[in-house]
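Number of protein chains: 2
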Amino acid sequence: MFIAINYITCSEDYRERFESLMSSRAGLIDKMAGFQRMKVLRPKKSGERYLIVSEWDSESAFKAWTKSEAFAEGHRRGFADLKQAEERGEKPPMSSEFQTYEILTR
Amino acid sequence: MFIAINYITCSEDYRERFESLMSSRAGLIDKMAGFQRMKVLRPKKSGERYLIVSEWDSESAFKAWTKSEAFAEGHRRGFADLKQAEERGEKPPMSSEFQTYEILTR
Numbered sequence: 003m004f005i006a007i008n009y010i011t012c013s014e015d016y017r018e019r020f021e022s023l024m025s026s027r028a029g030l031i032d033k034m035a036g037f038q039r040m041k042v043l044r045p046k047k048s049g050e051r052y053l054i055v056s057e058w059d060s061e062s063a064f065k066a067w068t069k070s071e072a073f074a075e076g077h078r079r080g081f082a083d084l085k086q087a088e089e090r091g092e093k094p095p096m097s098s099e100f101q102t103y104e105i106l107t108r
Numbered sequence: 003m004f005i006a007i008n009y010i011t012c013s014e015d016y017r018e019r020f021e022s023l024m025s026s027r028a029g030l031i032d033k034m035a036g037f038q039r040m041k042v043l044r045p046k047k048s049g050e051r052y053l054i055v056s057e058w059d060s061e062s063a064f065k066a067w068t069k070s071e072a073f074a075e076g077h078r079r080g081f082a083d084l085k086q087a088e089e090r091g092e093k094p095p096m097s098s099e100f101q102t103y104e105i106l107t108r
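Protein sequence lines, in the order shown, are assigned to chains A and B. Sequential numbering from 3 applies to the first sequence in the working numbering. Sequential numbering from 3 applies to the second sequence in the working numbering.
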């Protein structure tokens, strides 16, 4: 199994929007070959990062998702928010960092 | 549901020992009330942190574990390594940081 975690840093006033985007996600990832499941984790301590955790059959299945049209479509609203902030000369309201893992043990 | 992640920073020469400790864990956590499951994630990129992810019925179930005798017993070998490093005047071979989460969405 292969696990990807996207660590999301949100500005304080973007958190509500971020949560709304995640809660109304299109679900396109769920239909990808090799996708198993995902969870979005909200930190209990404010100011900490959100985690988008997705589990896959293999690394290649995950990579195929990041290069797919479905990935671009699934991130369309978030990417538009970033672009609008940039056009207004503002700092990005969120940033993300991917890390990938394998299961050592349970 | 309540999720605790223990982020583990390991020195390069302690990784093998850390992996061996985790792979031969006593399994005491599995018997705690409110425990659901755990996974230990090994980073694909060297130098990144390991994640010990545990899922619980509630925050109180998790807190009861961290205060239990089983917790002390389950961490005995790792704590001994830290103590020995200290006695030799060496830097700790590992350090950990707990963060806790709830599930925003799936």
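Just so you know, even glycine gets a beta-carbon here, dropped at the ideal spot from N, CA and C.
Any C-beta of chain B sitting closer than 8 angstroms to the C-beta of residue i?
| i | result |
| --- | --- |
| residue 108 of chain A | yes |
| residue 31 of chain A | no |
| residue 21 of chain A | yes |
| residue 65 of chain A | no |
| residue 5 of chain A | yes |
| residue 44 of chain A | yes |
| residue 34 of chain A | no |
Compare the C-beta of residue i with all C-beta atoms of chain A and state if any pair is closer than 8 angstroms.
| i | result |
| --- | --- |
| residue 98 of chain B | no |
| residue 25 of chain B | yes |
| residue 103 of chain B | yes |
| residue 50 of chain B | yes |
Look up residue i in the DSSP assignment and give the residues it is bridged to.
| i | result |
| --- | --- |
| residue 4 of chain B | B/58 and B/104 |
| residue 16 of chain A | Paired residues: none, contrary to the question. |
| residue 10 of chain A | A/52 and A/98 |
Between residue i and residue j, how many whole angstroms is the CB-CB distance? I'm expecting something under 8 angstroms.
| i | j | result |
| --- | --- | --- |
| residue 107 of chain A | residue 4 of chain A | So it is not a contact: roughly 15 angstroms between Cβ atoms. |
| residue 30 of chain B | residue 88 of chain B | That pair is no contact at about 25 angstroms. |
| residue 13 of chain B | residue 95 of chain B | 5 angstroms |
| residue 38 of chain B | residue 57 of chain B | 4 angstroms |
| residue 9 of chain A | residue 98 of chain A | 7 angstroms |
Are the C-beta atoms of residue i and some chain C residue less than 8 angstroms apart?
| i | result |
| --- | --- |
| residue 44 of chain A | Among the protein chains in the structure shown, which are A and B, there is no chain C. |
Practice item. Select from the region 67–95 of chain B all residues with a C-beta closer than 8 angstroms to any C-beta belonging to chain A, and list them in chain order. Key: For the region 67–95 of chain B, the beta-carbon criterion of a distance under 8 angstroms to any beta-carbon of chain A is satisfied by none of its residues.
Practice item. Can you check the region 34–107 of chain B for any alpha helix (DSSP H) of at least 4 residues that lies completely inside it and give the ranges in chain order? Key: DSSP runs (the alpha helix (DSSP H)) wholly in the region 34–107 of chain B: 61–68, 71–76 and 78–89.
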